[in-house]
Each structure stands twice: as C-alpha cells, then as structure tokens.
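Residue 16 in this note's numbering is what sits at position 23 of the sequence shown, and the numbering runs on without skipping anything. Glycine included, each C-beta is placed from N, C-alpha and C at the ideal position. Here is the structure we will look at, set down as structure tokens.
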Amino acid sequence: MRQPRLRGEGTHYVHVISRVIERRYIFADEEKEYFHRLMRKLEHFTGLRIVTYCLMSNHVHILIEQPDRSELPPLTIGELLRRMKSLYDPFTIADVEQEFARAEAAGDLHWQ
C-alpha cells in the first residue's frame, strides 16, 4: 500500500513512477523520443523542473523539483498564453485569447 504524500515547505522533490499496463514493452526508440519531447513540453508548461528521469521499455522514473509556491510570481493571462505555446497550436491559443477578451469586455472576473 502506498504511503501518504508529505509536503515539505519550500522547494521539494517528488519521485514519480509510471508503469505500463500488463507490463507490456511499448517504449521503443521512437516512442521514447516522443515521450521525451512531451515530457519537456509539460515541464515548460507547468513550471516544474525535471531533475532526472529514466525511461525503460515498460516504465519510467522521474525526479521532479517543485519550487516554493510562495516565491513564484502570480500566473498572469499573458504568462499562461506564453506557456501554452509549448503545448498548443496557434489557433487554439488564439481561441483562448478571444475567450479572455470576451470575459474582460463583459467585466466577468469569475469567467476569466
């Protein structure tokens, strides 16, 4: 049984393990490269830092550094849109920008 997670104060580290269902060997060279690219895009989007990782044929270990939230600047709409560029195409980002503009024009902070 897995132990409950403990959160320390300040910057802390998390060890993540993800296994493939039925222990199948699905990560060949091409899949590993795709996983690596996606992992780095998600790292940029979330603001976490991948310290190290080990990707094997049927599971992965990742050591993640999570910065102290109190030291992070607030996430602005501009920063969110900038980070989205690592994951989404320009059309999706333009749609999100339009949604933010509509919410601002309506004066609806909850929508934003």
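Determine, using beta carbons only, whether residue i and residue j come nearer to each other than 8 Å.
i: Arg106; j: His54; result: Shown here, the chain extends from -6 to 105; a query on residue 106 therefore has no answer.
i: Ser50; j: Phe28; result: no
i: Ala96; j: Trp104; result: yes
i: Val89; j: Leu65; result: no
Between residue i and residue j, what straight-line distance do the alpha-carbon atoms span, to the nearest angstrom?
i: Ala98; j: Met77; result: 22 Å
i: Arg62; j: Gly3; result: 7 Å
i: His8; j: Cys47; result: 11 Å
i: Gln91; j: Arg16; result: 44 Å
i: Leu41; j: Glu26; result: 20 Å
i: Glu24; j: Arg30; result: 10 Å
i: His37; j: Asp82; result: 15 Å
i: Arg114; j: Ala87; result: With the chain covering -6 to 105 only, the question about residue 114 has no answer from this structure.
i: Gly100; j: Thr39; result: 28 Å
i: Leu68; j: Leu102; result: 15 Å
i: Gly71; j: Leu80; result: 15 Å
i: Leu60; j: Ile10; result: Checking the sequence shown, residue 60 turns out to be Pro, not Leu. Distance between the alpha carbons of Pro60 and Ile10 is about 20 Å.
So residue i and residue j are supposed to be a Cβ contact under 8 Å. How far apart are they, rounded?
i: Val44; j: Leu35; result: Between Leu35 and Val44 the Cβ distance is about 15 Å, and since that is not below 8 Å, they are no contact.
i: Tyr6; j: Glu58; result: 6 Å
What does DSSP give as the partner residues of residue i in its beta bridges?
i: Tyr6; result: Glu58
i: Ser11; result: Val53
i: Thr69; result: DSSP lists no partner for Thr69.
Flag residue i as yes when its Cβ comes closer than 7 Å to any non-hydrogen atom of the ligand NAD, and as no otherwise.
i: Ile10; result: Absence of the ligand NAD from the depicted structure is noted, as is the absence of any ligand whatsoever, leaving it without description.
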